[in-house]
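Counted the way mature numbering (1 follows the signal peptide of the UniProt record, and there is no 0) counts, the sequence shown spans residues -21 to -1, 1 to 150. What follows is a short report on a single structure.
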Amino acid sequence: MKKGIVVILFSLPLFSSIAGAAQTRNKTAGSPLAGTWVLEAAEVLHPDGTRVTDTAYGTNAKGLLMVDDEGQYSLQIFRPDRPRFASGDKKRGTPQEYEAACLGISTHTGHIFVDTAQQTLQFKIDYAAYPNWEHTTQIRQYKFTGNMLSYQVPATAGAGRIAISVWRRVK
């Protein structure tokens, strides 16, 4: 009897680690976007079909998108050549410095879901640099090939231009 209890007690950690490994495998199978992505391009598609660099982020835009196994994400896009504040104090910028700082970034966090039937990504945004996006769901048409992901941000009212973000998975 004592021998049986000892075997059970020593077996529990083994079974726990097996169960944990199985849980990890299930989590990994969660989001097809899980991993770390770097921004390859920030572009704009005009109504006439021309595709050019998005001037909001410049020719050398930088970005990072991280998605965990459950689809929780953090996304940042930056214009790397934004001017520094002359005062050296972010609380004492000029209106032009604040405008450049604000319009040269896009950042939000929340949960992302893939709808393969509709070819859409659903960004359920919890927090964003642009406060109007907080607690909203943003739908994006996407293409996912190999380690490349691109999606389109719908045209703003009257603008007719579609922003396109292109990401490469690095991990």
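Even glycine gets a Cβ: it sits at the ideal position worked out from N, Cα and C.
Under the DSSP definition of a beta bridge, which residues are partnered with residue i?
| i | result |
| --- | --- |
| residue 71 | Residue 71 pairs with nothing; no bridge assigned. |
| residue 142 | 23 and 132 |
| residue 32 | 22 |
| residue 16 | 44 and 148 |
For residue i, does the three-state DSSP call read helix, strand or coil?
| i | result |
| --- | --- |
| residue 77 | helix |
| residue 43 | strand |
Between which two residues does the beta strand (DSSP E) harbouring residue i extend?
| i | result |
| --- | --- |
| residue 103 | 99 to 107 |
| residue 122 | 115 to 124 |
| residue 89 | 84 to 94 |
| residue 10 | Looking at the DSSP string, residue 10 is not in any beta strand (DSSP E), and its letter there is neither H nor E. |
| residue 64 | Premise fails: residue 64 is in no beta strand (DSSP E) and is neither H nor E. |
Determine the contact status of residue i and residue j, defining contact as a CB-CB distance below 8 Å.
| i | j | result |
| --- | --- | --- |
| residue 76 | residue 64 | yes |
| residue 58 | residue 83 | yes |
| residue 24 | residue 146 | no |
| residue 101 | residue 91 | yes |
| residue 108 | residue 88 | no |
| residue 103 | residue 14 | no |
| residue 132 | residue 12 | no |
| residue 113 | residue 106 | yes |
| residue 42 | residue 60 | no |
| residue 142 | residue 27 | no |
| residue 56 | residue 144 | yes |
| residue 9 | residue 72 | no |
At least one CB of chain C closer than 8 Å to the CB of residue i: is that the case?
| i | result |
| --- | --- |
| residue 44 | Protein chains in the displayed structure number just one, and chain C is not present. |
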